[in-house]
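To start, the structure itself, in structure tokens.
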Amino acid sequence: MGTNPQTMAWILDEYSKFHGYSPAVVTGKPIDLGGSLGRDAATGRGVLFATEALLNEHGKSVAGQRFVIQGFGNVGSWAAQLIHEAGGKVVAVSDISGAIKDKNGIDIPALLKHVKEHKGVKGFGGANAIESSSILAEDCDILIPAALGGVINRENANDIKAKFIIEAANHPTDPEADEILSKKGVVILPDIFANSGGVTVSYFEWVQNIQGFMWDEAKVNAELKKYIQQGFKDVKEMCKTHNCDLRMGAFTLGVNRVARATVLRGWEA
């Protein structure tokens, strides 16, 4: 989820004209106007924490796993950087400019520098150029769609070689592809959980504004990790209770929480 800090600052100022200074009214603000440290990296960092939680469940860690990342904007680039720092091997990356591959692992810090200078991954000298259309079918352990919705569908689902898919984009997998991948034994970590890091840190920003106290970045990141880890446990419990996959477990957990809050407020029909 992306927000423009300047736009958020404008909303804050306009609201405050009529209601007095109210920093908690909007999140995604510049740091100097009550924004939260760590917000820029939050969605990508949440992707890392969610991936770690899933892999731990399967007796694995990020280190040594081969990753393919479709999309190298804010979420994809942060996810790539943090996965690289955790020992993961990013073997292919794409963005709107093109796609690149190195089976031995792409030098992510060098790629980040290239993208900053050239506005895209195209032309990066440390990897081989490939067709953007082939990115989802590249050989890897973990596929992270971090760009558009609907990119994984019945036309390409059978070509996917990844064992795990982490949905960093919103709704990247359509229902038909879900069914195909499930039959293949591919584990999908759904978007409703996997890309929740950004909105979670927006919640932390609101909490800091209400408290009138700014957390340091280490605290923001530690709290995010705690929330993501607990969220994964809650989803897994729901999956066990209802004998369902992670997507249905996440949806069921969310609906149950809304339903419970509705009943507690006396809004039930």
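Residues in the sequence shown are numbered from 13 upward in steps of one, following my numbering.
We put the CB at the ideal spot given by N, CA and C, even for glycine.
query: Could you tell me if R166 is buried or exposed, where buried requires 16 or more neighbouring beta carbons within 10 angstroms of its beta carbon?; result: exposed
query: Do you know how far the Cα of A21 is from the Cα of K113?; result: 39 Å
query: Tell me whether the beta-carbon of V232 lies closer than 9 Å to the beta-carbon of F216.; result: yes
query: V127 and G100 look like a contact to me (Cβ under 8 Å); what is the Cβ gap, rounded to whole Å?; result: So it is not a contact: roughly 18 Å between Cβ atoms.
query: Three or more beta-carbon pairs under 8 Å between the segment 181-198 and the segment 149-166, yes or no?; result: yes
query: Using DSSP with H/G/I as helix, E/B as strand and the rest coil, what is M13?; result: Residue confidence for M13 is low, a pLDDT of 44 falling below 50, so the modelled location carries little weight; the figure read from the coordinates is stated next. DSSP places M13 in coil when its eight states are reduced to three.
query: State whether the segment 91-111 contacts the segment 45-56, with contact taken as three or more CB pairs (one from each stretch) at a distance under 8 Å.; result: yes
query: Would a C-beta distance cut-off of 9 Å place I178 and L155 closer than the cut-off?; result: yes
query: List in chain order: all unbroken beta strand (DSSP E) runs of 3+ residues lying wholly within the segment 140-227.; result: 140-142, 154-157, 176-178 and 199-201
query: Are the beta-carbon atoms of C152 and K173 separated by less than 9 Å?; result: yes
query: Confirm, please, whether the CB-CB distance from L193 to A169 is below 9 Å.; result: yes
query: Could you name the residues of the same chain whose beta carbon sits closer than 8 Å to that of L201, not counting the 5 residues immediately before and after it, in chain order?; result: A62, T63, L66, F176, I177, I178, E179 and L258
query: Mapping the DSSP letters down to three states, classify S28 as helix, strand or coil.; result: helix
query: What distance in whole Å lies between the Cβ atoms of I43 and S106, which are believed to be in contact at a cut-off of 8 Å?; result: Contact flag wrong, Cβ pair sits at about 31 Å.
query: In whole angstroms, what separates the C-alpha of E150 from that of R78?; result: 10 Å
query: For V59, which of D25, V87 and A273 has the nearest alpha-carbon?; result: V87
query: Would you kindly work out how many angstroms separate the C-alpha atoms of S144 and A98, rounded to a whole number?; result: 26 Å
query: Please state whether DSSP places D257 in a helix, a strand or coil.; result: coil
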